[in-house]
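Trainee:
Residue numbers (the UniProt record's numbering), protein chains in the order written: chain A, 1 to 397; chain B, 1 to 397; chain C, 1 to 397; chain D, 1 to 397.
#1: Mind checking the region 97-109 of chain B against chain A and listing, in chain order, the residues whose C-beta falls within less than 7 Å of any C-beta there?
#2: Could you tell me whether the Cβ atoms of residue 246 (chain D) and residue 44 (chain D) are closer together than 8 Å?
#3: Can you tell me the Cβ-Cβ gap for residue 378 (chain D) and residue 347 (chain D), rounded? I've got them flagged as a contact below 8 Å.
#4: Determine the DSSP secondary structure at residue 107 (chain C), reduced to helix, strand or coil.
#5: Going by CA-CA distance only, name the one from C:119, C:152, C:190 and C:98 that's closest to residue 146 (chain C).
#6: When you compare only the Cα positions, how much space is there between residue 165 (chain B) and residue 189 (chain B)?
#7: Are residue 206 (chain C) and residue 283 (chain C) touching if we call contact CB-CB under 8 Å?
#8: Run through DSSP, which three-state label would residue 127 (chain D) get?
#9: Per DSSP, what kind of secondary structure is residue 355 (chain A) in: helix, strand or coil?
#10: According to DSSP, is residue 388 (chain B) helix, strand or coil?
#11: At a Cβ threshold of 8 Å, is residue 270 (chain B) touching chain D?
#12: Any beta carbon of chain B sitting closer than 8 Å to that of residue 365 (chain D)?
#13: Closer than 8 Å, CB to CB, is residue 384 (chain D) near chain B or not?
#14: Where residue 359 (chain D) and residue 37 (chain A) are concerned, what is the direct C-alpha to C-alpha distance, given to the nearest angstrom?
#15: Is there contact between the region 237-256 of chain C and the region 325-339 of chain C, where contact requires at least three CB pairs shorter than 8 Å?
#16: Decide if residue 18 (chain A) is buried, meaning its Cβ has at least 16 other Cβ atoms within 10 Å, or exposed.
#17: DSSP state of residue 212 (chain B), grouped into three classes?
#18: Against chain A, which members of the region 17-29 of chain D pass a CB distance test of less than 7 Å?
#19: For residue 100 (chain A) and residue 196 (chain B), what's the separation of their Cα atoms in angstroms?
#20: Rounded to the nearest angstrom, how far is the Cβ of residue 231 (chain C) from that of residue 81 (chain C), given a contact under 8 Å?
#21: I need the straight-line Cα distance from residue 2 (chain D) to residue 392 (chain B), nearest angstrom please.
#22: From B:103, B:65 and B:59, pick the residue whose C-alpha is nearest to that of residue 238 (chain B); which is it?
#23: Answer yes or no: does any C-beta atom of chain C fall closer than 8 Å to that of residue 380 (chain B)?
#24: Beta carbons nearer than 7 Å to chain C: which residues of the region 246-274 of chain D have them?
#25: Which of the three DSSP states, helix, strand or coil, is assigned to residue 94 (chain C)?
#26: Using a C-beta to C-beta distance shorter than 7 Å, which residues of chain C count as neighbours of residue 149 (chain D)?
#27: Compare the C-beta of residue 393 (chain A) against all C-beta atoms of chain C and say whether one is closer than 8 Å.
#28: Using a Cβ-Cβ distance cut-off of 8 Å, determine whether residue 166 (chain B) contacts chain C.
#29: Spatial neighbours of residue 395 (chain D) within its chain, please: CB distance less than 6 Å, with the 5 preceding and 5 following residues excluded, ordered by chain position.
#30: Just checking my contact of residue 383 (chain A) with residue 289 (chain A) at CB under 8 Å: how many whole Å lie between their CB atoms?
#31: Taking 7 Å as the limit between beta carbons, can you name the residues of its chain near residue 345 (chain B), skipping five residues before and five after?
#32: Which same chain residues end up closer than 7 Å to residue 402 (chain B) when comparing Cβ atoms and leaving out the 5 residues on each side of it in sequence?
#33: Compare the beta carbon distance of residue 141 (chain C) and residue 172 (chain C) with 8 Å and say whether it is the shorter of the two.
#34: In terms of residue numbering, what span does the alpha helix (DSSP H) encompassing residue 254 (chain C) cover?
#35: Could you spell out the range, first to last residue, of the beta strand (DSSP E) harbouring residue 334 (chain D)?
#36: Name the chain B residues whose beta carbon is nearer than 9 Å to that of residue 34 (chain C)?
See the structure below:
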């Protein structure tokens, strides 16, 4: 026997939660530069560069608003700008984050219709379409969907939902959370007719947490101008106006913006199409491993597999958090916990952001060795299946 | 003649705006470390450390809430937690930032009584006391004051205002903005009976911008619990509850928190009393220079001189922003602009944060040489006066 | 099929050559601090700290001299201080680096007896002992051995060689190169009676290259004092004298010394015994993988397996460097080349320094997937065998 | 009185010794990147870039050899490659570093003729010319001169010395130490007919210490090829051969080379002519200050004023090192000590490297305030004189 003493960590930590993700050295080093005057000419160049670069990543020609905030702040911004207390909105229960966004909407006094879900499927375009078709009086002011549900590894089909809204000929705004998909999974703000896209810095954008984003359509901007309900910090108008010359109405998070400039450059060097293909490959390899282990993927519909993370269902009777604790202790790897009703029954493997084949293989080896270390029953071979998937060495799934 | 070619910059930029301030290398390097799992045990140690350290800097035993936000976000948090649309508040027009806070309060539908000011004095305790004494029905729900008005270099006398409130026997909450004073000018949340203290990361705390703070009294907490108006991101309750174990309800700005831990350590190594004395010394030396140049300090009352910055009135007929542009171009130093109604007539020298005698002297030499370069009339000798002040070489002011 | 486009690299590079090794973030960030006055009091504290810490890592109470140099510089220092042109020395041909050290000795005009070797074994204690026993006139002034031959992954048995010298009752100095063993493989300068230990910064010490080391016995110091041959830069005397107060006679490599201080702290936090056990585990797992692939380990004697690297013999007819090129291109991993006569027939896996189980598994997965990508025949299963070895899941070797 | 408590340091240290100099953030951050394989393709690009960039800074088309070493290592390299024990060389006693180089030459068994000097003048072209003219048998193999004597602030006139050698029609090699001039004071390896130029990283090149340089003429290369005396580490041949493809024969100091690449980029962005003009301006301003204080500049000949540093003679009866200690303690500034026979009577102000007007003014203010703090008699006004010099506000010198 040849085991490492527990809790003795050396080498690089494996941060394989579905975000925050591993921040590239180039990005960290960019952040590690002296703060500058946020009203000076050098800042304006920075501001214009990041706003412009963001548009390319959101695939939009419309404004992208960047907040010093968490992703939840960007949720709030999307709501406060476009909706008012009492407004009715249609949301879909895709998992924990959809539920949290709903809670926020309710705290902000919206009337939420929450289409129930089993946390194994994405938002259903047909059900949404049907509900909107029913809503002849257009009481529903917005449809709010989480693109990639970080708690479940299920990616809702945004273009189909858009089509459903259109087919219902319904004027509702379309608000989409891409916090864990932007920069990892193909997403097209303009082409898909989204009105507000919500994002955060700490996932596919490869930054530390601390920035929130709203990409905003003309229709959303018009709604915001018409919206008299109280707001200040999140209000788009002043920010968009100041952004025109590269500034903000308050002191923005300068150093994180340095990092954003560098991260955007990295995404462009790789090319968005390549970034998405890379995430697809790693997700496929991860699922191959999970299947080989004889475990179930939480996501029930292959059309909705997430390329950013995979949620794995624990064998019955085994606690996912105990398992995660063993993996952290023994192999210095952080895996994502099962959230809310998935607590203890699911763990999540993040395979997004600044990532590559060998880091994935280290990750999956850690998952597999963790089963042994925690006494979780499984069929060996997941790591082999993943290698097969990556190399095309054998049929993959 | 021996002039440098314009716009050729080498060496270290002098960032002498009154914030963001110069971030210490130790702090930048702390920020430049890999992001960790915000739900793991290592994060909890970080969370508890920064919350605890903040209390010592705010001089409070009560909760300090840390937001991923700008300082304006912390303004909004203070309002949304304790007040509701329609509530009446008393504010004092000390300058541009007091005016901005007022604007925010109005956007958030408060009824603001704005005691007029000349932007050369702090909030007047007597006037506030008189207004509160008049307010028999206790319509006024809060008194909101900017401790150190960053646009003018005037520091309001918070303990005297507290006394005025007490003498009026008025139950109004007391909300104080310390964005440009915390960590630079003595400030005592508990002893001075403040209910909500608002702060930001990028001034005396020596961090990049991106964190906002609320220190919160029991009375403020009670008000917040009783307050039914809509809010989510800024809501204290969930954050304070999660903070008990060192966590946040959402993904906090992990890397800025690394920096905060380091900055708090630096403040404690120096000792808060020494930190404040250092700022006092530098402010006195700066004023000595301004007087020697034959210029006027915007702050009209010596009891209210700011130890964080000094606003200088330009000789009539000379544009402060043209002058600032020359200084930036020629000497690679950023000075603070005159804001709003002070535009063009005032410039501001920041002497706060991670700072020392020689950096101050470089700064003041740049100001003085800038007068020549920009053709601004002045009496030579400010630099000498400042050295005299620092060394006690001659009588100082 | 599911392949990544060639030469598209994202995520963290796998630097799995046997040095330079992966430098920990803590160490890089320590290096990334302002340079200080090398004659000031703060420097003295740094100097004393690193000299003292080095002693613990070399397991010596005698002086350790630190040079701004490569490891080859430390080789030269060991020779120039203790030996003179014309001196006869006994060396053992353990591989490429022993051969390079021999070449250097010859350039420096020593008379080298080079005991031939097959590059698959370490220096043979018996042969050395026999030669010394024959040398009745004590013509041989020094025995020079490479502890861990970086080109072959063979670790010579230093204590046995020491015993052989003692049994021959021979006064020769004992010079040992630990460039790729120090901080990775147990090594005891004092206990093993070594006179000069040569080391470098970029392997087990987890630093960038740029520092060379000599640990020096009393006997070596005496030899150096008696040695009249010309030398200056490498001369121990002045350095050891200046080191007493924490200084150097010239400007030392200050920032690398910052890194050294941090790296020494990390080694002590982990504990040297744990550091060595960790390297042993990883080496055992790597060998398990190599055997499972059906390939040969270059090191022929299990007593001499290196815990720092494993050299793997390519199947006949397959070029190791072509294979390495494919691995670099496809998987962004650097493996060690076969040096000199091993060129094309051997590749080397570094598993030393700042390293852990999951990085090892990523490494071995990359080696295995590289076989496929380069069309190298192998038996699948190495990765599984390594996991078994690490977890004790099945019998390991 | 308004003094800071002693030894309480905050803000940025003023490192105003004449090297190591203040390393730019860009350079430190470049160094703070992961070490790469020194035999891989990415390294080759780095290697070629820095070798090429160095040529432009040395103003040469001939090879520049970069060592992991201190500047003294580069001294030794220059000697060992071109000269042999017993060779006669002509050196000039310009100060402490010339004396140290002489000592090294003697340790390496050269026969040194050391033309005496008063440490206030540079090497005298006429005396050198006369000695060479006398040396009909060409016994003198090399003339070795320090370009900028760091211990005195005197810059020898290299082109005039070259002319003197030529006029004597003497074949001696010309070896020049530019450790504290390269990148600060105009220097032209090719145009001035120097055979070996010696340099270090930690002065005008704005890097941490740890790299030594030799720029090498064809004549020097030929001498080296003909030179049979023992050497290995410093031998040019193998390095120059390996450099052709961007590599080194051993592991070079990779991370410092990252820094070198960045520093070279910065020098080129500013433009060498601008870099030299900037140093001239700052030196002139410094001398204006010294004169205004009523103190003497050590350098006695205005043609030989150093643009990199100024050595100041203390008033008689006052100890320069006590003064320096007070300045360090009170103002957190490191000034250069008086070396060897100048100990206690001279201090040195470094004004080279990454530097600008305001940092110079902070420096000079610290020097002036230090006089007060240490009780050193002086005439106030140096700081004013320096400002006048910088701005051309009044006649400057």
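For glycine and all other residues, C-beta sits at the position ideal for the given N, C-alpha and C.
Mentor: In short:
#1: 104, 107, 108 and 109
#2: yes
#3: Rounded, the Cβ-Cβ distance is 13 Å, inconsistent with contact.
#4: helix
#5: C:98
#6: 15 Å
#7: no
#8: helix
#9: coil
#10: helix
#11: yes
#12: yes
#13: yes
#14: 19 Å
#15: no
#16: buried
#17: strand
#18: 25 and 29
#19: 27 Å
#20: 7 Å
#21: With a pLDDT of only 43 at residue 2 (chain D), under 50, the local geometry of the prediction cannot be trusted, and no value is derived from it.
#22: B:65
#23: no
#24: 250, 251, 252, 253, 254, 255 and 256
#25: coil
#26: Within chain C, no residue comes near residue 149 (chain D); the closest Cβ sits about 16 Å away, beyond 7 Å.
#27: yes
#28: no
#29: Interpretation of residue 395 (chain D) is limited by its pLDDT of 48, a score under 50 that renders its predicted location unreliable; no figure is taken from the coordinates.
#30: 6 Å
#31: 313, 314, 320 and 338
#32: Outside the displayed range of chain B (1 to 397) lies residue 402 (chain B), so it cannot be described from this structure.
#33: yes
#34: 254-270
#35: 333-335
#36: 25
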